[in-house]
Amino acid sequence: MRLLSLTTEENFKTAVSSKPALPENSSFASLVLEWAATNLSDFPWRASRSAYHVLVAELLLKRTTATAAARHYRDFLSRFPTLDSIAAASEGEVVQAFAVVGLQRQRARAMKRLAGWLLSRYGGSIPGDLGSLIEVPGLGNYSAAAILSFGHGVPIAIVDANVERILLRVFGSSLPPHPSQALLNEVAQRLLPGDEHQNYNYGLLDLGRLVCRYVAPRCGECPLNLICDYARVGADAREGTQHGMTTHARKLRMIRRERGLSQKRLAEMARMSKRTVGHIESGRTSPRRETLEKLAWVLQVRPKDL
């Protein structure tokens, strides 16, 4: 597999927009879909293509595990089957409905405000374009994209922390340092398949949650491991070096970028000089054990993972 050496976001945008420049990308979506065909989680809201049902699921999922939200999703819908029913209910009734997933008063107020806003602006309908949805109080880009994809069937990439992590790991050194959210969104959109985009989005979300985890990723079980820079670094650890860089150098640089840290910020957090971090990442210095332990603590990984 050939990895590009890109230093600017503009160069990467050009590369991603050109299929021949990143030939390994052509298999990305098909690998995700193949995995999704037998591994998707069976959450109750995934059986619906109602924009309102997706909206309810997204609000239940805020600061709550999917398992907890799944236990109460149907009960919530039975009490509040429409936006009108939420708007007509008292705040106390909505508070009670949210009590099972926590932060009930805050969530209830947000839900009441959202329902009233949609009723006044759209007569209770949920708009089907991104520009309108991100104006809805309480909805961010992620929730808006989820409603568009799963509720309206719009072919749009959904990018949460799990998907970001997959992109950063798979493309690794091909991405510029500290890629912006806008760039990651564009990369995700360009990787979106023409068909089955809903299953693809569910697949990426589940893959990040279950396999490409923040801590202790299961690279051996991942369908993307043969095209993944992060997984390849793990394999390189058994070989010592690759392309003139030590394993420590490649791993530290990749994990630091994944965490969104500059060399200077990482050095400050680890209470060491920026020069030390730079020398390790360039392969000029082999880090001492205590240095690795400091860096691992800051990056929230095990020392042996660096």
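Under my numbering, the sequence shown has 109 at position 118, and the numbering climbs by one with no breaks. Just so it is clear, CB atoms sit at the ideal spot from N, CA and C, and this is done for glycine as well.
Quick one: grab the DSSP three-state call for residue i.
i: Ser171; result: coil
i: Ser277; result: coil
i: Leu182; result: helix
i: Pro294; result: helix
i: Glu187; result: coil
i: Ile157; result: helix
i: Gly163; result: helix
i: Thr282; result: helix
i: Gly194; result: helix
i: Pro35; result: helix
i: Ser81; result: coil
i: Cys203; result: coil
i: Thr55; result: coil
i: Cys213; result: coil
i: Glu126; result: coil
i: Ala48; result: helix
i: Asp66; result: helix
Please list, in chain order, all residues of the same chain as residue i whose beta carbon is under 6 Å from its beta carbon, the five residues on each side excluded.
i: Glu284; result: Pro294
i: Tyr133; result: Asp151
i: Arg98; result: Phe89
i: Lys53; result: none
i: Phe162; result: none
i: Asn318; result: Past the edges of the chain, shown from -8 to 297, lies residue 318, and the structure says nothing about it.
Which whole-angstrom value is the C-beta distance of residue i and residue j, which I expect to be below 8 Å?
i: Leu195; j: Ile157; result: 6 Å
i: Gln189; j: Phe141; result: 6 Å
i: Ala57; j: Phe34; result: 6 Å
i: Pro214; j: Glu82; result: Their Cβ separation, rounded to whole angstroms, is 46 Å, which puts Pro214 and Glu82 out of contact at 8 Å.
i: Met298; j: Val224; result: No answer is possible for residue 298: the residues shown for the chain start at -8 and end at 297.
Does the distance from the C-beta atom of residue i to that of residue j stay below 8 Å?
i: Leu74; j: Gly115; result: yes
i: Ile218; j: Ser21; result: no
i: His63; j: Leu51; result: yes
i: Leu297; j: Arg247; result: no
i: Tyr193; j: Arg96; result: no
i: Ile117; j: Ala42; result: yes
i: Leu183; j: Tyr191; result: yes
i: His169; j: Gly251; result: yes
i: Thr276; j: Met263; result: no
In chain order, what residues of the same chain have a beta carbon less than 8 Å from the beta carbon of residue i, not counting five sequence neighbours either side?
i: Trp108; result: Val127 and Pro128
i: Asp197; result: Ala27, Asn30, Leu31 and Ser32
i: Ala135; result: Leu121, Leu124, Ile125 and Val127
i: Arg65; result: Pro35
i: Asn153; result: Leu195, Leu196, Leu198, Gly199, Arg200 and Cys203
i: Pro208; result: Arg160, Val202 and Tyr221
i: Leu110; result: Leu74, Asp75 and Ala78
i: Arg40; result: Phe141, Gly142 and Gly144
i: His44; result: Trp36, Leu68 and Gly142
i: Gly131; result: Ile125
i: Glu187; result: Leu24
i: Ala287; result: Arg293, Pro294, Asp296 and Leu297
Excluding five sequence neighbours on each side, which residues of the same chain lie with their C-beta closer than 7 Å to the C-beta of residue i?
i: Gly119; result: Leu139, His143 and Val145
i: Lys265; result: Gln254, Lys255 and Ala258
i: Tyr205; result: Arg156
i: Ile77; result: Phe71, Val85, Met102, Lys103 and Ala106
i: Glu249; result: Arg156, Leu159 and Arg160
i: Met260; result: Val289
i: Asn216; result: Cys210 and Ala222
i: Ile271; result: His239, Ala240, Leu243 and Pro278
i: Ala61; result: Phe34 and Pro35
i: Ala292; result: Rather than Ala, the amino acid found at residue 292 in this sequence is Val. The residues are Ile246.
Could you check whether the Cβ of residue i sits closer than 7 Å to any heavy atom belonging to the ligand GTP?
i: Val178; result: Judged by which ligands are present, the structure shown has none, so any question about the ligand GTP falls away.
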